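**Student:** Numbers 57 to 453, taken from the numbering used here, label the letters of the sequence shown in order. Ideal Cβ positions, reconstructed from N, Cα and C, are used throughout, including at glycine. Please read these numbers as outputs of a predicted model, since none were measured by experiment. Structure below; questions to follow.
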Amino acid sequence: MNYNQNSYALGSKRSIIREIFEYSKVRASQIGAENVFDFSLGNPSVEPPKEVIDSIKELLASENQTLLHGYTSAQGDLSVRTAVADNINRRFNANVTPNNIYMTCGAAASLSICLKAVVNQGDECIVFAPFFTEYRVFVQNALGELVISNPDKDLQIDLKDFESKITPKTKAVIINSPNNPSGVVYTESVIKSVCDILRKKQAEHGNIIYLIADEPYRELVYGDVFVPYLMNYYENCMVCYSYSKSLSLPGERIGYIAVNPQMTDSQNVYLAICGAGRSLGYVCAPSLFQQVVKKCIDAKVNIDAYKKNRDLLYTNLTEFGYDCVKPDGAFYLFVKSPDGDAYSFYEKAKAKEILVVPCDDFGVKGYVRIAYCVDYNRIKNSLAGFEKLAKEYGLIK
Ligand code: PLP
Numbered sequence: 057m058n059y060n061q062n063s064y065a066l067g068s069k070r071s072i073i074r075e076i077f078e079y080s081k082v083r084a085s086q087i088g089a090e091n092v093f094d095f096s097l098g099n100p101s102v103e104p105p106k107e108v109i110d111s112i113k114e115l116l117a118s119e120n121q122t123l124l125h126g127y128t129s130a131q132g133d134l135s136v137r138t139a140v141a142d143n144i145n146r147r148f149n150a151n152v153t154p155n156n157i158y159m160t161c162g163a164a165a166s167l168s169i170c171l172k173a174v175v176n177q178g179d180e181c182i183v184f185a186p187f188f189t190e191y192r193v194f195v196q197n198a199l200g201e202l203v204i205s206n207p208d209k210d211l212q213i214d215l216k217d218f219e220s221k222i223t224p225k226t227k228a229v230i231i232n233s234p235n236n237p238s239g240v241v242y243t244e245s246v247i248k249s250v251c252d253i254l255r256k257k258q259a260e261h262g263n264i265i266y267l268i269a270d271e272p273y274r275e276l277v278y279g280d281v282f283v284p285y286l287m288n289y290y291e292n293c294m295v296c297y298s299y300s301k302s303l304s305l306p307g308e309r310i311g312y313i314a315v316n317p318q319m320t321d322s323q324n325v326y327l328a329i330c331g332a333g334r335s336l337g338y339v340c341a342p343s344l345f346q347q348v349v350k351k352c353i354d355a356k357v358n359i360d361a362y363k364k365n366r367d368l369l370y371t372n373l374t375e376f377g378y379d380c381v382k383p384d385g386a387f388y389l390f391v392k393s394p395d396g397d398a399y400s401f402y403e404k405a406k407a408k409e410i411l412v413v414p415c416d417d418f419g420v421k422g423y424v425r426i427a428y429c430v431d432y433n434r435i436k437n438s439l440a441g442f443e444k445l446a447k448e449y450g451l452i453k
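Given below as structure tokens:
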């Protein structure tokens, strides 16, 4: 074979989520979009804030279009990185400077860069199940080995299991809260314990274990739920942030990496991040959207619609007898298959034109994910199907 087999394998096998999404488009053309209840994709259903749209228009009407659309520094424009650093310091008191910030094409790029920056061949990277399946790809690309830490019954981190998974080869731990696919926010007490364990293991093994916080859903939390900022709890931490969900800009590919200035050899790790960005071709994040971020640094999407969707879906599905984890954040509901088989639940729901994602690949067996970032009416109109299915499963009479 002339081409790379790993890349071929990744390109030729679509993710299950994409598969379902493509099916939904075909099905919609057959029976009408209003009759297909597609809950597969985590694409925001809320518009970007008006401030963002206005800023894009203003920038596009401004004088120096050559500069606006030109290359910036590889790590991002200094004034943009300054605005990001100021925002982090205002909110989390973290003492970061622009020289700790690397602008990226969203969290996917941020994660790929961070892993490439710190992982050597054969190093182990721990992820907490359930986890975003692309972590497998990013870790593999950095030549690391993925190690899965199992959750407790509430889908929080099982601290004993986590500790047992750390070996002298552990180089990085990825933590994603609010979580995709469960919607769970890890509590402060769990986070503190994770960090204590990491410090203990670093001392025991005489090496550094990096904590990589994957935070595309930080701003999507419902009610008074506290999302700890991991830099404030652990020195060797880097944060992968994205504006995909917080500003509803997933197609524009913009986010950043923030490296904790308290990290051991912080500036060298930052240089490794610059080098990893360079080797992956992730330099100079989209210039226009760097400027949008700078202008709208404190903007947030209105998450009322997501909360309304969550409440409607969670209340009804639990009433129908489904076992669901109440999501405190993100826009996903994680539902246990009544017969323990995620794929049969997926197929039975599909027969009622309801498209959910079977989640065995996310590291826990027997669950499906419902992405509720959709129109309220899609949820309302799908409830009859969910109810019928509950009857078939014998959850209700
Ligand atoms: N991490 C998690 C947990 C996600 O759910 C996603 C996207 O859905 C990403 C990373 C990638 O986000 P981005 O669009 O910023 O690349």
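Which same chain residues end up closer than 8 Å to residue 355 when comparing Cβ atoms and leaving out the 5 residues on each side of it in sequence?
**Tutor:** Here the set comprises 105, 107, 108 and 303.
**Student:** With a Cβ-Cβ cutoff of 8 Å, do residue 336 and residue 169 count as a contact?
**Tutor:** Their beta carbons are under 8 Å apart, which means residue 336 touches residue 169 by this criterion.
**Student:** Using a Cβ distance threshold of 8 Å, determine whether the stretch 152-172 contacts the stretch 285-301, with at least three qualifying pairs required.
**Tutor:** Yes, since at least three Cβ pairs between the stretch 152-172 and the stretch 285-301 fall closer than 8 Å, the two stretches touch.
**Student:** Taking the alpha-carbon of residue 423 as reference, which of 446, 397 and 258 has the nearest alpha-carbon?
**Tutor:** The shortest Cα separation from residue 423 among 446, 397 and 258 belongs to 397.
**Student:** Look up residue 158 in the DSSP assignment and say whether it is helix, strand or coil.
**Tutor:** Reduced to three states, the DSSP call for residue 158 is strand.
**Student:** Would you mind sorting residue 359 into buried or exposed? The rule is 16 or more other CB atoms within 10 Å of its CB.
**Tutor:** The residue in question, residue 359, is buried, as its Cβ has 16 or more Cβ neighbours within 10 Å.
**Student:** Note the first and the last residue of the continuous beta strand (DSSP E) segment covering residue 113.
**Tutor:** Taken as a continuous stretch (DSSP letters only), residue 113 belongs to no beta strand (DSSP E), being part of the alpha helix (DSSP H) at 106-117.
**Student:** Please give me, in chain order, every unbroken run of the beta strand (DSSP E) with length at least 3 that falls completely inside the stretch 337-413.
**Tutor:** If we require 3 residues or more, the beta strand (DSSP E) runs fully inside the stretch 337-413 come out as 388-392.
**Student:** Can you tell me whether residue 270 sits near the ligand PLP, meaning its C-beta is under 7 Å from at least one heavy atom of the ligand?
**Tutor:** Yes, Cβ of residue 270 sits closer than 7 Å to a heavy atom of the ligand PLP.
**Student:** Assign residue 301 to buried or exposed, taking buried as 16 or more other Cβ atoms, counted over all protein chains shown, within 10 Å of its Cβ.
**Tutor:** Answer is buried; the Cβ neighbour count reaches 16.
**Student:** Residue range of the beta strand (DSSP E) that residue 268 falls in?
**Tutor:** Run containing residue 268: 266-271, per the beta strand (DSSP E) assignment.
**Student:** Going by DSSP, what residue range makes up the alpha helix (DSSP H) through residue 444?
**Tutor:** Taken as a continuous stretch (DSSP letters only), the alpha helix (DSSP H) holding residue 444 covers 432-448.
**Student:** At the level of alpha carbons, what is the spacing between residue 182 and residue 266?
**Tutor:** Each residue's alpha carbon lies about 10 Å from the other.
**Student:** Please report the straight-line C-alpha distance between residue 19 and residue 95, rounded to a whole angstrom.
**Tutor:** This structure leaves residue 19 out entirely; the chain is present only between 57 and 453.
**Student:** Could you tell me how far apart the beta carbons of residue 254 and residue 312 are, in whole angstroms, since I believe they sit closer than 8 Å?
**Tutor:** Not quite, the Cβ-Cβ distance comes to about 23 Å (not below 8 Å), so this is no contact.
**Student:** Could you have a look at residue 150 and say whether DSSP puts it in helix, strand or coil?
**Tutor:** Note: residue 150 maps to coil in three-state DSSP.
**Student:** With 16 other CB atoms within 10 Å as the buried threshold, where does residue 482 fall?
**Tutor:** Lying before the first or after the last residue shown, residue 482 is absent from the chain, which here runs from 57 to 453.
**Student:** Rounded to a whole number of angstroms, what is the C-alpha to C-alpha distance between residue 136 and residue 309?
**Tutor:** Near 15 Å, if we compare the C-alpha coordinates of residue 309 and residue 136.
**Student:** Is the beta carbon of residue 305 closer than 8 Å to that of residue 124?
**Tutor:** In this structure, residue 305 does not lie closer than 8 Å to residue 124 by Cβ.
**Student:** Take the Cβ of residue 346 as the centre, count every other Cβ of all protein chains shown within 10 Å, and call the residue buried at 16 or more, exposed below.
**Tutor:** With 16 or more Cβ atoms within 10 Å of its Cβ, residue 346 is classed as buried.
**Student:** Beta carbon of residue 292: closer than 7 Å to some heavy atom of the ligand PLP?
**Tutor:** Checking every heavy atom of the ligand PLP against the Cβ of residue 292, none is found closer than 7 Å.
**Student:** Start and end of the beta strand (DSSP E) containing residue 182?
**Tutor:** Run containing residue 182: 180-184, per the beta strand (DSSP E) assignment.
**Student:** Look at the alpha carbon of residue 417 and the alpha carbon of residue 190, and state the distance between them as a whole number of angstroms.
**Tutor:** Looking at the two C-alpha atoms, the distance is approximately 10 Å.
**Student:** Within 10 angstroms of the Cβ of residue 442, are there 16 or more other Cβ atoms? Answer buried if so, exposed if not.
**Tutor:** So residue 442 counts as buried.
**Student:** Does the beta-carbon distance from residue 385 to residue 239 come in below 8 Å?
**Tutor:** Yes, these two residues count as a Cβ contact at 8 Å.
**Student:** Within this structure, are the beta carbons of residue 213 and residue 246 separated by less than 8 Å?
**Tutor:** Contact flag set, yes.
**Student:** How far does the alpha helix (DSSP H) with residue 312 in it reach, from first residue to last?
**Tutor:** No alpha helix (DSSP H) holds residue 312; the beta strand (DSSP E) holding it covers 311-315.
**Student:** Taking DSSP as the reference, what is the three-state secondary structure of residue 207?
**Tutor:** Three-state DSSP puts residue 207 in a strand.
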